Amino acid sequence: MMQLRTLILTSLLLPWMFLSAAKDERVHPRRSKVRTGTEAEAGDHGNQFDFKLPTCLLCVCLTGSVYCEEVTPDMTAVPALPKETAYLYARFNKITKIHNKDFADMITLRRIDLSSNLISEIDDAAFSKLLHLEELSLAENRLTKLPTLPTGLTLFNANLNRLRTQGVRATAFKKLTKLAYLYLGNNELTAVPQLPESLHVVHLHNNRIASISDQTFCKGNNSHYIRSNMDEVRLDGNPLQLWQHPNSFICLETLPVGWYN
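Numbering-wise, the sequence shown is residues -21 to -1, 1 to 240 according to mature numbering (1 follows the signal peptide of the UniProt record, and there is no 0).
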């Protein structure tokens, strides 16, 4: 008797259930989920930085400043920046390369700090359009050569890299007529590049510089020349004997600082 009642109830309810489902499908049709490029990338590389998300959801954005420090998940490339960005701090990440397109439209940038990343390569024109850039820090990376630098720089820091003389153009800094602070310590340089007259501080300590000339800092043929802007020179930690170059610093108002053999 119970089985008969169940059979009758089922036969009455099934048509109603199918009809209701069909009606619901017409009113609220199901949409197949299409994976966007962002979702596909996140799905395939869940442990990597999702660059298509708005940068200011992953970094701290204040008026004109963007702070992307120690971003999780790992930041491996320069993120898209708000157009009005003037100051970018992207330290302590895992950025490996700087491309020409990364800063191509960011003409408002005045300071970029990419210290403590894994940068081993920079496209030569990556910073070429940054006419207002004043300070650039690439310290503590893996660079063996430098790109073309903006002529408006007042500070450039490339300490603690793997820079070699063949990777730094002899005139890389000569045309930077506003450059006041140059930090190239703890690299693999074997020669001092040409230096602009504007320099106040130059650090070249802990390299492989074994020799300098009377022209490196001074003008050997002009005994009256004084390099009055230069306040601090560091050459310690190089295989260089200062006493062998008595005329190399006569134009400076202060001798190189640091410990020398």
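Beta carbons are placed, not taken as given, at the ideal position from N, Cα and C, and that holds for glycine. These numbers were taken from a predicted model, which means no experiment stands behind them.
(message) Is Arg90 a contact residue of the ligand MG, with contact defined as CB to any heavy atom under 7 Å?
(response) Of ligands this structure carries none, so the ligand MG is not represented either.
(message) Between which residues of its own chain and Cys35 is the CB-CB distance below 8 Å, once the five residues before and five after are set aside?
(response) Val45 and Pro61
(request) Give the DSSP bridge partners of Arg213, in chain order. (result) His182 and Val236
(request) Compare the Cα-Cα distances from Lys154 to each of Ser192, Gln173, Leu134 and Leu122 and report the closest residue. (result) Gln173
(request) Could you tell me which of Tyr160, Glu211 and Pro235 sits nearest to residue 263, measuring between CA atoms? (result) This structure gives no information on residue 263, because the portion of the chain shown stretches from -21 to 240.
(request) Would you decide whether Ile86 is buried or exposed? Buried here means 16 or more other CB atoms lie within 10 Å of its CB. (result) exposed
(message) Does chain C have any CB closer than 8 Å to the CB of Leu174?
(response) Here chain C cannot be found, since the structure has a single protein chain.
(request) Grab me the residues of Ile205's own chain with a C-beta within less than 6 Å of its C-beta, minus the 5 sequence neighbours each way, in chain order. (result) Cys230
(message) Does His182 pass the burial test, meaning 16 or more other C-beta atoms within 10 Å, or should it be called exposed?
(response) buried
(message) My output table needs one value for Phe135: the three-state DSSP class, helix, strand or coil.
(response) strand
(request) Apply the 10 Å Cβ neighbour rule to Asp81 and answer buried if 16 or more other Cβ atoms are within range, or exposed otherwise. (result) buried
(request) Kindly list the residues whose CB is nearer than 6 Å to the CB of Phe106, restricted to its own chain and excluding five residues on each side of it in sequence; keep chain order. (result) Pro129
(request) Determine the DSSP secondary structure at Asp92, reduced to helix, strand or coil. (result) strand
(request) Taking all protein chains shown into account, decide if Gly164 is buried (16 or more other Cβ within 10 angstroms of its Cβ) or exposed. (result) buried
(request) Please determine, among Ser99, Ala69 and Lys108, the residue with the shortest C-alpha to C-alpha distance to Ile91. (result) Ala69
(message) According to DSSP, is Cys40 part of a helix, a strand, or is it coil?
(response) strand
(request) With DSSP as the reference, please indicate the residues paired to Ser116 in a beta bridge. (result) Asp92 and Asn136
(message) Let me check understanding here. Comparing Cα to Cα, which of Phe71, His111 and Glu113 lies closest to Ser95?
(response) Phe71
(message) Measuring straight from C-alpha to C-alpha, what distance separates Phe228 and Gln220?
(response) 13 Å
(request) Compare the Cα-Cα distances from Asn120 to each of Glu114, Asn140 and Leu132 and report the closest residue. (result) Asn140
(request) Report the option in Ser99, Leu88 and Ala104 whose CA atom is closest to the CA atom of His111. (result) Leu88
(request) Please check the pair Ala137 and Leu122, which I expect to be a contact at CB under 8 Å, by giving their CB distance rounded to whole angstroms. (result) 7 Å
(request) May I have the straight-line CA-CA distance separating Asn185 from Arg213, to the nearest angstrom? (result) 9 Å
(request) Please report the residue range of the beta strand (DSSP E) in which Leu161 lies. (result) Tyr160 to Tyr162
(request) Measure the alpha-carbon distance for Val50 versus Cys40 and round it to whole angstroms. (result) 13 Å
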